[in-house]
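Taking it in order: structure first as structure tokens, then the write-up.
Numbering (the UniProt record's numbering), first residue to last: 1 to 361.
Have a look at this one:
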């Protein structure tokens, strides 16, 4: 009996209450398989919008294929690969049984097929995701294909944006991780998320490590001031220090520190503009939300000599570091300032962890 007829006789004659209960007992993979049996059932499922219940979605874009990985609370992981195959798309997937399944779709673009599947999942996502990861890395791609990869990533992201924008409530994500070429790719997704942690990596890091990531449009988003964590790897940033002070954890790199930035640092009480030495930490002493703050730069000797002798040690990479400790508004904690030849790290620690014999300023 044809699948259409079988489905209509066995399922669509059932009351909606029964169908809703049935969908509630099926996992993601089963719902997706049921969704593909016929148009009528697919439309019913799309109308019901059962929660996809994802905890993590990873999307990796390559010149000839796109890979998506869906992770769920029951530790079930589904991996789907969409490959260009002539004028069509070869879909391969691995589900709970760990076996490979393949299907060749003719006369369709692999980016469009991948986009539709991701959209169908994100449309029905209601619970909070732990992580959304979108990667477009040009480092592993030969030079002749880099422009193609950029175009494919733009197409995929532009396909996803209307879905994210149309959701009644922003997609809730604990952490958004992305590997991109520039900030425009981030703007397809970030404005439509409710997100706590943002990690940005340079998709051209091996060939363009000190590229400037233009942050103006990103910091104007409502999501900016809601971030707890900001990590930016492989890019330099054009941010002002005051743009970062609401964060609990931060890792950024500046190309240079100029006189304008020094004046700004003076305003927030971090650097003395005349000596270029760190002399005041009042902003950080009273910022109880701060957990970790790291700035990369070519640093020489920035600490004021009036402070107590620092604790000196070696980090795991063999670099000598100097570490000062400062009292804060919470008695059992200290502000820890660590300087290596190339970075300064500010974070909180417990008073009991201060090495013996080291003075707390």
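Glycine is no exception: its CB is placed at the ideal position from the N, C-alpha and C atoms.
- Secondary-structure assignment with DSSP links residue 321 through a beta bridge to 313.
- Residue 128 and residue 174 have their C-alpha atoms some 7 Å from each other.
- DSSP places residue 217 in the uninterrupted alpha helix (DSSP H) bounded by 216-219.
- Cβ-Cβ separation between residue 171 and residue 160: approximately 10 Å, too far for a contact (criterion under 8 Å).
- Taking residue 340 as the centre and dropping the five residues before and after it, the same chain places the C-beta of 319, 321 closer than 6 Å to its C-beta, in chain order.
- Burial is judged here by how many other beta carbons sit within 10 angstroms of a residue's own beta carbon; residue 317 has fewer than 16 and is exposed.
- Collapsing the DSSP output to three states places residue 184 in a helix.
- Annotation for residue 112: the continuous alpha helix (DSSP H) segment containing it runs 110-123.
- Under DSSP, residue 179 forms a beta bridge with 135, 201.
- In this chain, the beta strand (DSSP E) harbouring residue 350 covers 343-350.
- Proximity to residue 142 across 204, 197, 123 peaks at 204, based on C-alpha coordinates.
- In this structure, the beta-carbon distance from residue 358 to residue 334 does not fall below 7 Å.
- Inclusion of residue 200 and residue 232 in the CB contact set at 7 Å is warranted, their separation being smaller than that value.
- Residue 156 holds the alpha-carbon nearest to the alpha-carbon of residue 186 among 156, 210, 166, 169.
- The residues 58, 177, in chain order, have a CB closer than 6 Å to that of residue 133 in the same chain once the five nearest residues on each side in sequence are set aside.
- Measuring C-alpha to C-alpha distances from residue 125 to each of 158, 237, 169 identifies 169 as the nearest.
- A direct Cα-Cα distance of roughly 15 Å separates residue 103 from residue 67.
- In the displayed model, residue 246 falls within coil according to three-state DSSP, outside both helix and strand.
- The beta carbon of residue 191 sits closer than 6 Å to those of 221, all from its chain and outside the five residues before and after it, given in chain order.
- Secondary structure at residue 340: coil, using DSSP grouped into helix, strand and coil.
- Rounded to whole angstroms, the Cβ separation of residue 101 and residue 81 is 11 Å, and the two are not in contact under 8 Å.
- Out of 97, 89, 63, 62, the CA that lies nearest to the CA of residue 75 is found in 97.
- The beta-carbon separation of residue 131 and residue 179, rounded to 14 Å, does not stay under the 8 Å limit for a contact.
- For residue 99, DSSP assigns no beta-bridge partner whatsoever.
- With distances taken between CA atoms, residue 228 lies nearest to 247 out of 247, 353, 308.
- Per the coordinates, the alpha-carbon of residue 235 lies some 49 Å from the alpha-carbon of residue 40.
- Looking at the backbone, the Cα of residue 113 and that of residue 197 are separated by about 29 Å.
- Taken through DSSP and simplified to helix, strand or coil, residue 240 comes out as coil.
- Boundaries around residue 158 are those of the alpha helix (DSSP H), 146-166, since no beta strand (DSSP E) includes it.
- Non-local C-beta neighbours of residue 85 in its own chain, meaning closer than 7 Å and more than five positions away in sequence, comprise 104, ordered along the chain.
- Contact check for residue 152 against residue 61 passes: the beta carbons are separated by less than 7 Å.
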